[in-house]
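Asker: Chains as they are written, first to last, in my numbering: chain H, 31 to 330; chain V, 1146 to 1318.
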Amino acid sequence: MIFLVIFQGCKEESFAIITNQGEDTISIVDLQNLNIIKTIQTNPGPLTVEILKNNLAIISNTKNESLQLIDLDSFKIIDTINLGFTPLGIVYVEGKDLLYISSWYENKLYYYNTNTWERDGVIPVGKTPSGIIYDKKRDQIIVSNRDENLLTIIQDNKVIKTIKVGDHPFGVYLSEDSVFSVNVYSNDVSKINLNTYDSSKFNVGDHPYNIISSDHYLFVTNTQDDSVSVINKDDFSILKTLKTGEVPENLGLDLLNNQLIVTNWGSNSISIFNLDTLKLKKEIPTGRESRSFGNFIWAK
Amino acid sequence: MKKIVLLITSLLFAFTVFAHGPTPQKVQKSVKIAASPDKVWEVVKDFDNANKWLPFVSDIKVEVKGEDRFRTLTLKEGGKVLERLKGIDDDLMKIKFEIVEGDVPVADCNMYITVAKGANDNESEVQWTARFYRVYKLNPPIPEGQDDESALNAMNAVVDAALPELKKFIESK
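(1) Can you tell me whether W1186 of chain V is helix, strand or coil according to DSSP?
(2) Any residues in the region 74-93 of chain H with a beta carbon nearer than 7 Å to a beta carbon of chain V? Which ones, in chain order?
(3) In whole angstroms, what separates the C-alpha of D197 of chain H from that of E1222 of chain V?
(4) Just to make sure I have the definition right: I need the residues of chain V whose C-beta is within less than 8 Å of the C-beta of E276 of chain H. Which are they?
(5) Taking only the alpha-carbon atoms, compute the straight-line gap between K1313 of chain V and K270 of chain H and give it to the nearest angstrom.
(6) Within 7 Å (strictly less), CB to CB, does G296 of chain H reach chain V?
(7) Mind checking the region 1272-1303 of chain V against chain H and listing, in chain order, the residues whose C-beta falls within less than 8 Å of any C-beta there?
(8) Would you kindly work out how many angstroms separate the C-alpha atoms of E124 of chain H and Q170 of chain H, rounded to a whole number?
(9) Go through its chain and collect everything with a Cβ distance to R318 of chain H's Cβ below 7 Å, but skip five positions before and after it.
(10) Enumerate in chain order the residues of its own chain whose CB-to-CB distance from L1199 of chain V is below 6 Å, with the five nearest sequence positions on each side excluded.
(11) Comparing the C-beta of E319 of chain H with each C-beta of chain V, is any distance below 7 Å?
(12) According to DSSP, is R176 of chain H part of a helix, a strand, or is it coil?
(13) Once the 5 residues before and after K1147 of chain V are set aside, which same chain residues still bring their CB inside 6 Å of it?
(14) Checking 7 Å against the spacing of the C-beta atoms, do E178 of chain H and K157 of chain H come in under that value?
(15) Identify the continuous alpha helix (DSSP H) that holds S1295 of chain V and give its terminal residues.
(16) Looking only at C-alpha atoms, which of H:L181, H:N252 and H:N325 sits nearest to N217 of chain H?
(17) Cβ atoms of D1248 of chain V and Y1278 of chain V: under 7 Å apart, would you say?
(18) If you measure from the beta carbon of T1168 of chain V to each beta carbon in chain H, is any gap under 7 Å?
(19) Could you tell me whether the region 1183-1193 of chain V touches the region 1285-1299 of chain V, where touching means 3 or more Cβ pairs closer than 8 Å?
(20) Taking only beta carbons into account, state which residues of the region 49-73 of chain H come closer than 9 Å to chain V, listed in chain order.
(21) Measure the alpha-carbon distance for F326 of chain H versus I48 of chain H and round it to whole angstroms.
(22) Just to make sure I have the definition right: I need the residues of chain H whose C-beta is within less than 8 Å of the C-beta of K1231 of chain V. Which are they?
(23) Any contact between the region 1253-1267 of chain V and the region 105-114 of chain H? By contact I mean 3 or more CB pairs, one from each, below 8 Å.
(24) Short check: CB of V1271 of chain V to CB of M1238 of chain V, under 7 Å?
(25) DSSP beta-bridge partners for E1270 of chain V?
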């Protein structure tokens, strides 16, 4: 956390990269002034965002089996990587210069070298791999397999364990020594201790989708309640429910400006909340079907 | 109208809510109605009697099971759709419901209808939003009638037919 504060302390500006899947664009949002500074046309079906090193970001395009590389200084698309499969979750492992991509239809995880953009390998996982995270402490990749109600844990590019979670896990998140999976159909979140593999669950709203953690709280989007559940990190009770736009999907933390950003698929917008007061600061119209699965906040 | 119902009923098969593809599909349409929001909301929120204005429905049967309220829509040209009421919010003027099962080529279909004030006191805007997936979730090739386009066509047809009828029903009252 101290490292994070120092890291953020060197930064001066932050931005959100919002994928608008229904109109094949991304909106670049200035998180200081809370306005859109640029809209960029993409390949069909932009969904997931991941931040790479050297001021680069990458998006997945679900409707034409590609990734696109964005230069975050100029906010221009500078390269397209054709995959030959439908990408869903993406995670970047900086120390290894590898990008792991879940292949939704093939039940596989591919990994690419981010210097050459050559495919380095493939790992068979469970059905419909969705969210992915990298656990730096244990050097493991964790994937949610939505249609098998499992998390798959991968080390040295091999599956070392599968863990049963709730019904339809989608978003996954790592906080300290626990991984959380958001279970869309069972309306709950599974929490698994990665040292002991002890698991527990806590309830949230209707059709939850993704999760993120601040210093004080966990936040979970409830797509069919138009809300975010604010969860107590000690006893996992719901402290408060924040009203969002319609069908909120994904979340990002803008630590530089102390804000929570929520993408609203239904109302084609993002909602921005103050992280201390938990009050809505602004709802900004973005583009049709705003989603931004993955890490979509960038500070420079 | 016939075309709309054909779109739905010619693709008869039972779907399961546990099957859907990777990309949620969206239909979001609105209509302006020359009536006050309160008057419009009284009609829109009436989950049990939506057959008064839903043009493709010949009959509606309501069942309450525990805390859940269901309606079975019998389609004029054959087939049924079972829906569950998910909530009525009078403050927001918003009704939410889902398709549980039925003769429509969509999966996991959640819908909401909102009523908002129009340009003047005697005008309202009704917006209908549906979020759903196609039926077929496995690897391509996708069977005919189970793809994104079929799901979108069916739901577009439903909403395109229903909103003008809602307008006509309210404005003629």
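Cβ coordinates follow ideal geometry from the N, Cα and C atoms, glycine included.
All values reported here derive from a predicted model rather than from experimental measurement.
Answerer: Based on what the coordinates show:
(1) Reading the second sequence from its first residue, position 41 is the one you call residue 1186 of chain V. In this structure, W1186 of chain V counts as helix in the three-state DSSP scheme.
(2) The region 74-93 of chain H vs chain V, Cβ under 7 Å: G75 and T92.
(3) As a working mapping, residue 197 of chain H is identified with position 167 in the first sequence. As a working mapping, residue 1222 of chain V is identified with position 77 in the second sequence. Spanning the alpha carbons of D197 of chain H and E1222 of chain V requires a straight line of approximately 36 Å.
(4) Translated into positions along the first sequence, residue 276 of chain H becomes position 246. Simply Y1257 and T1274.
(5) For this step, residue 1313 of chain V is matched to residue 168 along the second sequence. For this step, residue 270 of chain H is matched to residue 240 along the first sequence. Between K1313 of chain V and K270 of chain H, the C-alpha separation is close to 42 Å.
(6) Looking up residue 296 of chain H in the first sequence gives position 266. At least one chain V Cβ lies under 7 Å of G296 of chain H.
(7) Listed in chain order, the positions of the region 1272-1303 of chain V with a beta carbon within less than 8 Å of a beta carbon of chain H are T1274, R1276, K1282, L1283, N1284 and P1285.
(8) Walking along the first sequence from the start, residue 124 of chain H turns up at place 94. Walking along the first sequence from the start, residue 170 of chain H turns up at place 140. Each residue's alpha carbon lies about 13 Å from the other.
(9) Position 288 of the first sequence, counted from the start, is the residue given in the question as residue 318 of chain H. So the list reads N50, G52, E53 and N298, once near-sequence residues are dropped.
(10) Counting from 1 along the second sequence, the entry for residue 1199 of chain V is found at position 54. Counting only Cβ-Cβ distances below 6 Å, and skipping sequence neighbours, we find A1307.
(11) Against the first sequence, residue 319 of chain H aligns to sequence position 289. Yes, contact with chain V.
(12) In the first sequence, residue 176 of chain H corresponds to position 146, counting from 1. R176 of chain H: helix per DSSP, three-state reduction.
(13) Mapped onto the second sequence, residue 1147 of chain V falls at position 2. Confidence at K1147 of chain V is low in this model, with a pLDDT of 47, below 50, so its placement is unreliable and no value can be given for it.
(14) Along the first sequence, one-based indexing puts residue 178 of chain H at 148. Along the first sequence, one-based indexing puts residue 157 of chain H at 127. It is a contact, given that the beta carbons lie within the stated cut-off.
(15) As a working note, residue 1295 of chain V is residue 150 in the second sequence. Segment D1293 to E1316, the alpha helix (DSSP H) holding S1295 of chain V.
(16) For the purposes of this step, residue 217 of chain H is taken as the residue at position 187 of the first sequence. When C-alpha distances from N217 of chain H are compared across H:L181, H:N252 and H:N325, the shortest belongs to H:N252.
(17) Along the second sequence, read from residue 1 onward, the residue named residue 1278 of chain V stands at position 133. Along the second sequence, read from residue 1 onward, the residue named residue 1248 of chain V stands at position 103. A distance of 7 Å or more separates the beta carbons of Y1278 of chain V and D1248 of chain V.
(18) Residue mapping note: residue 1168 of chain V aligns to position 23 of the second sequence, counting from 1. At a cut-off of 7 Å between C-beta atoms, T1168 of chain V counts as an interface residue with respect to chain H.
(19) Because the criterion of three Cβ pairs below 8 Å is not met, the region 1183-1193 of chain V and the region 1285-1299 of chain V do not touch.
(20) Flagged, chain order: Q51 and G52.
(21) Here residue 326 of chain H refers to the residue found at position 296 when the first sequence is read from its first residue. Here residue 48 of chain H refers to the residue found at position 18 when the first sequence is read from its first residue. Those two C-alpha atoms are separated by around 7 Å.
(22) For the purposes of this step, residue 1231 of chain V is taken as the residue at position 86 of the second sequence. Under the 8 Å cutoff, chain H gives D236 and Q254.
(23) Flag = no, the region 1253-1267 of chain V and the region 105-114 of chain H do not touch.
(24) Within the second sequence, the letter at position 126 stands for residue 1271 of chain V. Within the second sequence, the letter at position 93 stands for residue 1238 of chain V. Cβ atoms of V1271 of chain V and M1238 of chain V: not closer than 7 Å.
(25) Within the second sequence, numbered from 1, the residue matching residue 1270 of chain V stands at position 125. According to DSSP, residue pairing for E1270 of chain V in a beta bridge involves V:K1177 and V:A1261.
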